[in-house]
Every structure is written in C-alpha cells, then in structure tokens.
Amino acid sequence: MKTLKKIIFISIVLGMISSLIISCKSDDKQQTGLLTLSILEGKIKIGDHVSVELSLSDPDLISKIVVKKSIEGKEVSSYLKELNVSELNFPYTFTEEIIAGDENGILVYSFYGMDENNKVVDAGDLVLTVELAQIPLLLKYDWVLASQTIKGEDTATPDLKDDIHRFNSDLTWQVDWGYIFSSAALETLNSYCAWQVTMDGATVKTLSTIHYNVFSPAEALITHYNVLQLSDRKMILESYQDLSGLGDGYSSNERVLEVYTPVSKTEDFTPYRGQNPDNYIVASCNPGSY
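According to my numbering, the sequence shown is numbered sequentially starting from 435.
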C-alpha cells in the first residue's frame, strides 16, 4: 500500500514538473495579452506609411516598447526605436514610412513590451509584404507573355510564350527567343534595341519598345503600349496595331491586350539564342533618344 502511495505521489510530482516545463515553453513566445496590435499583417508599397495601433491591457506592467525591424528574417541593425510608455497615451498609433530596400523580402516590425527590469513580458509582430515600385519591379524580373487577346480570343502562340523579355536599367531591351520559334522564324529578323516610358508621378502610363528589322537597320520600329497594370506580379499592356493584313475581319487600329508575368532572372538568359549576337548590332540603336 505504501508502495502504491509512493508511485501515485511520484506521478503527481512528475505531472506538475511536466506542466511547469510546458508553461515555461509557452512563456517563451511572450504572448501574454499585455501588448496587442490592431493588425498583424498587410500589403503596402514603397513610399506609403504603415500604421498599427498598440494597446496595453495593464500599462503598469510595461515600462517601454522596443521596436525592431527585420527583412527576410535578418534584423536591420541600424533600426531600433524605444517607446516610453509613461509618455504616451494608449491605444497608441505607431506609424512608419516604407522605404527603398524594404521590398527585398518579407518586412517585419517586432514590438517588445519590456518591464522595469528590462525583461520582455510580451511581444507581437507586424508582417508586411512590400510591393515594388513600378520601375524597380520592371527591372528586377524578366517577363514572359501569358496571354495575348485580340477580338476576345487568346492568340498567344507557344513561340511567343517562350520568349523572355529583359528591360535593363540602361534602357536597353533584350529578348531570349527560347527554344520554340514561329513557323517562318520571323523573330530572328529582329534586332532588339530599347525601351522607354512616360510617367505620371511614380505611375508608369506608357511603355514603348524599340527594335529594328535586320534588313532595314535605319528605320526604328516602335510599339507604344498603355500600361494598364504593373503590380501584383503582373504587367498588362494595351496597344492598337495595324492587323489589316490578317484578313477582312481585322482593322488598321486593332486593340491588342497582352498580359506578362515576371520570372526570376537567371544566368541562362541568352539574347538571340542560337544566333550570333554580333549579327544583330544596329548602329542606329540609341537607347534613351526615342
């Protein structure tokens, strides 16, 4: 009987120790409800301001709030803010501007509630996805055609979807033809030259591409696009082109809607793939002058 009581006593003690360990592990998360954030995640653009309302259930238990910033899991060592609780009214609205560089990964603002002994008693994270500004977005990725709509039909053929477009910061435009060509391989007659845009503030209104035909190197062929969207991993371009040569059902001012999606740049990108790039050098090409 004494042995049974001893076993029961040991079991109770072990259970209490186990509960204590689990409790300690839970405390490591520092989510005690003393500090709460009005939002925990969001989507924002460079140049915008993010605001989050901080609330304290018991201000007497938190003397200050330390704010840290990290991008893609790496703490930004130059960023550190301390909010003195006694000097603020709660709920308190914390506001910060999203700056260039914040778009290089998932942006996290971490808020640490500290007691008078400088110990963390609660914490919370605001996780932000930062959209690239339009021009940085255009330059960061290569672009491939996802669809081309003419008269309500998707006319994007495999050879067009296989092309990879690159817009460089020096205003040059390059194209990797990929491995699929049109039946007459007409794309191999193009010498790709440049791109340019018109802006309304930070918004890209139009995008123009400039190329030459290798048989007419003195005549620039310019295609003008209205930029309907350049965000959320999508570029939608609208142009009006002379397609009357395709038959009676087409006009000389036909609306063409093209949707491009971004792909990560790779070392495999090869302009004029399968051909000698030197054969496509056109003296008339002068990026930035069109």
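Yeah, the Cβ is synthetic: ideal placement off N, Cα and C, and Gly gets one too.
Check whether the Cβ atoms of residue i and residue j lie closer than 8 Å to each other.
i, j, result
"residue 613", "residue 596", "yes"
"residue 562", "residue 481", "no"
"residue 469", "residue 488", "yes"
"residue 667", "residue 622", "no"
"residue 692", "residue 608", "no"
"residue 560", "residue 543", "yes"
"residue 659", "residue 671", "yes"
"residue 604", "residue 699", "no"
"residue 541", "residue 519", "no"
"residue 637", "residue 709", "no"
"residue 706", "residue 656", "no"
"residue 664", "residue 573", "no"
"residue 486", "residue 532", "no"
"residue 471", "residue 558", "yes"
"residue 466", "residue 549", "no"
Based on DSSP bridge pairs, tell me the residues matched to residue i.
i, result
"residue 613", "Bridge partners of residue 613: none, in fact."
"residue 584", "587, 690"
"residue 528", "486"
"residue 664", "669"
"residue 696", "577"
"residue 543", "503, 560"
"residue 606", "628"
"residue 600", "608"
"residue 675", "688"
"residue 634", "637"
"residue 701", "None; residue 701 has no bridge partner."
Take residue i as the anchor and find which of the options has the nearest alpha-carbon.
i, options, result
"residue 473", "527, 513, 479, 496", "527"
"residue 715", "559, 581, 652", "652"
"residue 611", "587, 635, 579", "579"
"residue 721", "592, 630, 670, 712", "630"
"residue 564", "536, 607, 719, 586", "536"
"residue 515", "648, 560, 522, 501", "501"
"residue 648", "670, 625, 677", "625"
"residue 584", "702, 688, 534, 708", "688"
"residue 517", "529, 723, 498", "498"
"residue 690", "661, 711, 708", "661"
"residue 594", "495, 682, 620, 698", "620"
"residue 602", "703, 709, 478, 483", "703"
"residue 495", "554, 529, 525", "554"
"residue 600", "509, 627, 530, 508", "627"
"residue 547", "681, 492, 592", "492"
"residue 717", "645, 681, 532, 634", "645"
"residue 697", "669, 719, 682, 617", "669"
"residue 617", "592, 506, 588", "592"
"residue 505", "522, 521, 525, 534", "534"
"residue 680", "589, 711, 713, 673", "589"
"residue 539", "509, 545, 556", "509"
"residue 513", "641, 530, 634", "530"
Quick check on DSSP: helix, strand or coil for residue i?
i, result
"residue 622", "helix"
"residue 520", "helix"
"residue 553", "coil"
"residue 452", "For residue 452, the pLDDT reaches just 41, beneath the cut-off of 50, and the residue's location in the model is therefore unreliable, although a value from the coordinates is still provided. The answer is helix: DSSP assigns residue 452 an H, G or I state."
"residue 536", "helix"
"residue 712", "helix"
"residue 566", "coil"
"residue 572", "helix"
Is the shortest distance between the beta-carbon of residue i and the beta-carbons of chain C less than 8 Å?
i, result
"residue 596", "The structure shown has no chain C; it contains just one protein chain."
Can you find a heavy atom of the ligand SAM that lies under 7 Å from the Cβ of residue i?
i, result
"residue 649", "The ligand SAM is absent from the structure shown, which contains no ligands of any kind."
Could you pull out every unbroken beta strand (DSSP E) segment of at least 3 residues lying fully inside the segment 466-515, listed in chain order?
-> Complete beta strand (DSSP E) runs here, min 3: 469-471, 475-479, 483-490, 498-505.
Ranges of the alpha helix (DSSP H) found wholly within the segment 637-663, counting only runs of at least 4 | Within the segment 637-663, not a single complete alpha helix (DSSP H) segment reaches 4 residues in length.
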